[in-house]
Structure formats: structure tokens, C-alpha cells
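Worksheet: the structure to be examined is printed underneath.
2 protein chains.
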Amino acid sequence: MRLIVARCSVAYTGRLTAHLPEALRLIMLKADGSVLVHADAGGYKPLNWMTPPTAVIEEGETITVRKVKGEDQLEITLHEVLSDVTHTMDFDAARLSKDGVEADLQVALADAPHWCGEGFRLVRREWPTDIGPVDLMCRDEADGWIAVEIKRIGTIEAVEQLSRYLERIRLDPAKADCRGVLAATIVKPQARVLAESRGLTWVEVDLAVLRGEREPALTLFG
Amino acid sequence: MRLIVARCSVAYTGRLTAHLPEALRLIMLKADGSVLVHADAGGYKPLNWMTPPTAVIEEGETITVRKVKGEDQLEITLHEVLSDVTHTMDFDAARLSKDGVEADLQVALADAPHWCGEGFRLVRREWPTDIGPVDLMCRDEADGWIAVEIKRIGTIEAVEQLSRYLERIRLDPAKADCRGVLAATIVKPQARVLAESRGLTWVEVDLAVLRGEREPALTLFG
DNA sequence: GTGTCTATCTCGGGC
DNA sequence: GCCCGAGGTAGACAC
Numbered sequence: 275m276r277l278i279v280a281r282c283s284v285a286y287t288g289r290l291t292a293h294l295p296e297a298l299r300l301i302m303l304k305a306d307g308s309v310l311v312h313a314d315a316g317g318y319k320p321l322n323w324m325t326p327p328t329a330v331i332e333e334g335e336t337i338t339v340r341k342v343k344g345e346d347q348l349e350i351t352l353h354e355v356l357s358d359v360t361h362t363m364d365f366d367a368a369r370l371s372k373d374g375v376e377a378d379l380q381v382a383l384a385d386a387p388h389w390c391g392e393g394f395r396l397v398r399r400e401w402p403t404d405i406g407p408v409d410l411m412c413r414d415e416a417d418g419w420i421a422v423e424i425k426r427i428g429t430i431e432a433v434e435q436l437s438r439y440l441e442r443i444r445l446d447p448a449k450a451d452c453r454g455v456l457a458a459t460i461v462k463p464q465a466r467v468l469a470e471s472r473g474l475t476w477v478e479v480d481l482a483v484l485r486g487e488r489e490p491a492l493t494l495f496g
Numbered sequence: 275m276r277l278i279v280a281r282c283s284v285a286y287t288g289r290l291t292a293h294l295p296e297a298l299r300l301i302m303l304k305a306d307g308s309v310l311v312h313a314d315a316g317g318y319k320p321l322n323w324m325t326p327p328t329a330v331i332e333e334g335e336t337i338t339v340r341k342v343k344g345e346d347q348l349e350i351t352l353h354e355v356l357s358d359v360t361h362t363m364d365f366d367a368a369r370l371s372k373d374g375v376e377a378d379l380q381v382a383l384a385d386a387p388h389w390c391g392e393g394f395r396l397v398r399r400e401w402p403t404d405i406g407p408v409d410l411m412c413r414d415e416a417d418g419w420i421a422v423e424i425k426r427i428g429t430i431e432a433v434e435q436l437s438r439y440l441e442r443i444r445l446d447p448a449k450a451d452c453r454g455v456l457a458a459t460i461v462k463p464q465a466r467v468l469a470e471s472r473g474l475t476w477v478e479v480d481l482a483v484l485r486g487e488r489e490p491a492l493t494l495f496g
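As they're listed, the protein sequences go chains R and B.
Under the working numbering, think of the first position of the first sequence as 275, with each following residue one higher.
Under the working numbering, think of the first position of the second sequence as 275, with each following residue one higher.
As C-alpha cells, then:
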């Protein structure tokens, strides 16, 4: 990884045009061809960047980064270089392991589907439809079908997704009355409104409770 | 900005939990409190990070970053430091200027709504509904209402969004016949099909043409 | 290759 | 403060 601290200006052309006036910034050139220009503020995001695969050409005080496919181009002009160092790193860095993403929520709910609705039992995970798999397919005490869409954050988008699946599932006469449930750690207000207006149910679930690691704060069905 | 190149391991707890085993990486501590851990590959994204406002505590070989509000915590353990340098930068770096984003398109179309449809005149931008604002609300020569959804890239999602708005707008008897138009720089084939199947219109617009900087390539209404 | 969907999305604007 | 939508979203995975 090459780290250049320099007074520089940057111009991007491609999906849009952007210009960055002269200032002191960090330019990061990764071994995989990524180029990132970071300021000392501004948080997570680089001001300008190019993701691999790229072609990097250095000519005098100008670094030109081109996307191998496409029109995107980044032109960095170095006005004053304060530091320019290269560090060799393990190219294939050990991978990041995560717990608590949507997939983990799905596993936990598959094990305890009653949190999606009273008396629910799992028929299968990733129930296939012709436009993609529904997260969970369940049946209730009266043997009615219920499609469950799982999200960490339940947004309008999730309601749309569930609606699309239901539209397909209900084409089968045996499942014409299939209900829909959106299960999420947080269900946003507008998603609640939209879900209810479409006759769909929503429920907030807590991963730790699902796993039996914490007591439920409230009685949800009462 | 402080740049540490070190063999390190990282643990994140908060919205989820994540662990990064020992490897050689770059740790970036920005003046605004941002902390980013980057590998020499992996493109745009840091492996781990914390956005401001944060509290950074350094004790021996451990750097602990806490979100000022909330539970989020990042714990970086330094096993071997190869480099540790600090560069003073202009804190308030000159701002990035962009042109060609959706907002620019909206301004240009509000100024020249006839590109959305013959005889259209603007009633207002950001017309409110209970699930969010419609980009443009127009009326045609016969005083009919038209809701316009503007996107840089017109996808199925944009058609869904426009459909949702129309669903709401048409609840008002005075606007029961409200039409819908998707205006975008590029309208994807699948979005065209879906729009047409729902009785919606789509139109491709060119920002330079809207601004009168370029001649239209084709007659759109003919 | 395109399409779809997740993300510790991040970030900015509005109320 | 929360909520919502845009993003050069990026990145992963299925088809």
C-alpha cells in the first residue's frame, strides 16, 4: 500500500463530474488497484476514489486512474508532496467474521417461528418463487399459509419485496389466502403504514430474545 | 491525520459483532474522530470503522474507540507497529463540488417540465403525500394531474416508487385520474416494461439538453 | 455479463 | 431528535 500525503487537486469524470480544489489530503493506492483520496475529516467516505480493476498512470505531478472498463477517470494533480511511503502487506488479509446480520436473524427465526405469529410452524426456509426465494414459509394453527420476509431494518422496500412474493404465491389456488408478515429488528413508521394498508402484518423481533439469551421486554401477543 | 501501519486485530460490537484476526493493516485516525481500518485490498471499504462523534482511548497496545452516543465500540489491539505518523491537514478541506446528480436533474426539469410531456406545467416540486414527497407535480393542457418521478437511473424500483405515490394520490377523488411519468437519464429495459404494463409513461432526458447546452438527438414526441 | 439484494451501509435534508 | 431518500452507492451472489 502506497500512502501519499500531498497538497493536491482532484477531478472525476464518469457517472457524474466532480471537482476537488487544492488542499492537503491523503492519497491511498492499494495493491489491488483501488485508489482513495481522504481528507482529515468527513468520516467513512473518501472524497474521491476508484474501485478496481483500474489502470494507474503516473506522469510527473499527475496521477491518472482509469477504470479498465468504462469511461470513469480520476485525475489527481500533486502540487506539493509531504510524504510518500509504501508498505508491503499481506495481500490476502484474514477475513472479517460477523454475527448479527440478516442471515443470522433468519436462522434464529427459522428455529423459533412463533415469534413471527402465534402458533406458526416452519414449512421451509428460502421457499422458492419464480422471482426469488421467500425467507420463511410457515403455516398457522388453521393450516393457513404465511410468507415471512425478514430484515434487520424493516423499510418500505421490504414491504414491496414481500408484496411481490405474495403476488406470485397467491397465483397458486391452494395458497390464494396466503398471508404476509414482515419480521424485523426495527420496523420503520412508513413501512408500518404501507404494510397495514396492504393487509400485511409486521412484527419487531430481538435476536438475543430469539436465541433465548434475553427475556422479552413485553408480551407481544396479548 | 494519524496513520498507523501495524500488525493488529480488531473487534467491533454494536449493531452487530465482528472480529478481524491479526494481520498487517493501515489504521487511520482522522481529526474529526473517524477511525478506519483498511487492508491493502478490498477496494473502497474499510474492514472496520467508526464514524464521528467518537471517543478514542489509547492504553498501551490497545486503542478503544467508542461512539459518543450508543453502544458501538471498536477495539484495536496492536501487536507490532511498523509506522506511526501524524500529518496536520487543513481541517476544513475545500468542499467537493458535484454536477449531474439527481437533484440537478430535478432543478432542470422543474425549469423545463415540457420535457416530461407535451404541454406540462409545474404545480410544485416535492409534492407531499403521507408516504413521502413526489418529485414533481404537473398539470397538462386539459388540466389533468401528472406525478413525475425523477431518477438518474430508472429502475424497477423507481416504477414501484411512482406506483406507491400514485396509489396514495388517487385516493383524492379530484386526482383519481392522476397520471404518472418516470423521467430518467437512463430507463432500464425492465423498468420500461413494468411502467408500460402499469399504464405509466417513461421518458429519457439528457441534462445537457434540458439546460440548452446541447441539441436533442431525437424528436421524443412525434 | 446483468439483475437483485444486503449494508455496522454513509450522508444530507426536512420536520 | 428521528425519519426518509440518494449514492459515482459498494460488494456479493444468483442466473
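Where is the CB? At the ideal position from N, CA and C, for every residue including glycine.
Quick caveat: nothing in here was measured; it's all calculated off a predicted structure.
Ala292 of chain R carries a strand assignment under DSSP once its states are collapsed to helix, strand and coil. Assignment of Ala329 of chain R by DSSP, reduced to helix, strand and coil, places it in the strand class. DSSP, read as helix, strand or coil, puts His353 of chain B in strand. With respect to Leu484 of chain B, Trp401 of chain B sits apart: the two C-beta atoms are not nearer than 8 Å. If you check each beta-carbon in the segment 432-461 of chain R against every beta-carbon of chain B, the ones closer than 8 Å belong to Glu434. In the same chain as Arg289 of chain B, and ignoring 5 residues on each side of it, the C-beta atoms closer than 8 Å to its own belong to Asp346, in chain order. Looking at the backbone, the Cα of Arg444 of chain R and that of Lys462 of chain R are separated by about 26 Å. For Lys343 of chain R, the closest Cβ of chain B is not nearer than 8 Å. Under DSSP, Lys425 of chain B forms a beta bridge with B:Ala458. Between the alpha carbons of Leu410 of chain R and Asp314 of chain R lies a distance of about 45 Å.
Contact annotation: the segment 372-384 of chain R does not touch the segment 315-333 of chain R, with fewer than three C-beta pairs closer than 8 Å. The C-alpha of Leu300 of chain R lies about 35 Å from the C-alpha of Ala458 of chain B. Per DSSP, Asp306 of chain B is not a residue of any beta strand (DSSP E), being assigned neither H nor E. Ala491 of chain B carries a coil assignment under DSSP once its states are collapsed to helix, strand and coil.
Contact between Asp451 of chain R and Gly418 of chain R is confirmed by a C-beta separation of about 6 Å, below the 8 Å threshold.
For Leu468 of chain B, no chain R residue has a C-beta closer than 9 Å to its own C-beta; the minimum C-beta separation is roughly 11 Å. Listed in chain order, the beta strand (DSSP E) elements of length 3 or more contained wholly in the segment 374-454 of chain B are 395-403, 406-413 and 419-428. Straight through space, the alpha carbons of Lys341 of chain B and Thr325 of chain B are spaced by roughly 8 Å.
Residues of chain R with a Cβ closer than 9 Å to the Cβ of Val279 of chain B are, in chain order, Met275, Leu277, Val359, His361 and Met363. For Lys304 of chain R, the C-beta contacts it makes with chain B under 9 Å involve His312, Ala313, Asp314, Ala315, Gly316 and Gly317, in order along the chain.
The Cβ atoms of Leu370 of chain R and Leu303 of chain B do not sit closer than 8 Å to each other.
Annotation: Val479 of chain R is outside any alpha helix (DSSP H) and is labelled neither H nor E by DSSP. Annotation: Tyr439 of chain B to Arg398 of chain B spans about 15 Å, alpha carbon to alpha carbon. Between the beta-carbon of Leu294 of chain B and that of His361 of chain R there is about 18 Å, and that puts the pair past the 8 Å contact cut. Collapsing the DSSP output to three states places Ala465 of chain B in a helix. By the beta-carbon neighbour count (other beta carbons within 10 angstroms, threshold 16), Arg442 of chain B is buried. By the C-beta density criterion, Lys425 of chain B is buried, having at least 16 other C-beta atoms within 10 angstroms. A straight-line Cα-Cα distance of about 45 Å links Leu436 of chain R and Arg281 of chain B. Interface annotation, Ile430 of chain R: in contact with chain B, CB-CB separation under 8 Å.
Contact of Asp373 of chain B with chain R is assigned, a C-beta pair being separated by under 8 Å. The beta carbon of Leu468 of chain R sits closer than 6 Å to those of Ile430 and Val433, all from its chain and outside the five residues before and after it, given in chain order. Annotation: Thr338 of chain R to Lys319 of chain R spans about 20 Å, alpha carbon to alpha carbon.
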